[in-house]
Amino acid sequence: MAGPGPTAEPGSLALYPLLYVGWADGELAAEELAMLRGHLREAGVPEGALAEWLDPDAPPSAERLLHLLDEVRRRAAEVSPERRRSLTELGIAIAEADGEYPTREECAAILRIEEALGLGGPDAVATLFDPARPIAPLPDVQPRFDPEAMARFLRGPAPETRQRVRALLSDGRFETATGLSTA
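End of the sequence shown sits at 1221 in our numbering; the numbers just go up one at a time, nothing left out.
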């Protein structure tokens, strides 16, 4: 069963882009994470808070990933386009802009991880900055039912009451609690 996920920042800024893209598809397998830890260990990178981000039983929550993405985007806005050609280059540039200078071994380890995960090149970086590609419009198809009758059915009884409740719930007086059990 998965735990709550990481609560600390992942440590080295140079790893932020790679961690986001690696986890964003939700498919970092235990073997990939072990490989990632091994490369970082070989480079002398202390696991520290990063250990939480490399736990296959407690992957980062969507909220943590969005926070990481916001952080990468905010910091990357100050990085020249020439340094955004790969996740490794972007991560190193972000770290250097913050006064953190990864060692040659750390840079090589990050590059090996990027290559091993198949995240090399500008396409991986583009996932951080490009808005979703627009979906092609669907052909004009006439429904086989009366759309207005379907809308009335979906509104159900007392649509005015439902609308007032929706407005009340979305007006800011209620908070959405995260991390609650649904069991």
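All C-beta atoms, glycine included, are put in the ideal place defined by N, C-alpha and C.
Outcome for residue i when other beta-carbon atoms lying within 10 angstroms are tallied against a minimum of 16
i: P1058; result: In the sequence as presented, Pro is not what sits at residue 1058; that position holds Tyr. Result: buried.
i: L1192; result: exposed
i: A1068; result: exposed
i: P1055; result: buried
i: R1202; result: exposed
i: P1195; result: exposed
i: P1140; result: buried
i: F1212; result: exposed
i: E1116; result: exposed
i: E1120; result: exposed
i: L1066; result: buried
i: E1090; result: buried
Chain-order list of residues whose beta-carbon lies under 8 Å from that of residue i (same chain, five-residue window excluded)
i: A1146; result: A1081
i: R1200; result: R1193, G1194
Residue i: first and last residue of the uninterrupted alpha helix (DSSP H) it sits in
i: D1063; result: Note, D1063: premise wrong, no alpha helix (DSSP H); not H, not E.
i: P1197; result: 1197-1208
i: A1135; result: 1125-1135
i: F1191; result: 1185-1193
i: L1106; result: 1100-1114
i: F1212; result: Where F1212 is concerned, there is no enclosing alpha helix (DSSP H), given that its DSSP letter is neither H nor E.
i: L1149; result: 1142-1154
i: E1138; result: Segment: none, E1138 is in no alpha helix (DSSP H) and carries neither H nor E.
i: E1070; result: 1068-1080
Option nearest residue i by Cα separation, candidates the options
i: R1150; options: S1050, L1051, E1070; result: E1070
i: G1076; options: I1148, E1186, G1210; result: I1148
i: A1215; options: Q1180, E1101, V1163; result: E1101
i: L1128; options: V1163, E1153, E1186, H1105; result: V1163
Residues near residue i by beta carbon distance below 6 Å, same chain, minus five either side
i: L1051; result: I1132, A1133, D1136, E1138
i: L1078; result: A1147
Close-in-space but distant-in-sequence residues of the same chain around residue i (CB under 7 Å, 5 per side omitted)
i: L1074; result: L1092, I1151
i: W1061; result: P1097, P1098, L1103
Counting beta carbon pairs with one atom in the region 1110-1122 and one in the region 1088-1097, are three or more of them shorter than 8 Å?
Because the criterion of three Cβ pairs below 8 Å is not met, the region 1088-1097 and the region 1110-1122 do not touch.
With three or more beta-carbon pairs closer than 8 Å as the criterion, would you say the region 1118-1132 touches the region 1150-1168?
Yes, since at least three Cβ pairs between the region 1118-1132 and the region 1150-1168 fall closer than 8 Å, the two stretches touch.
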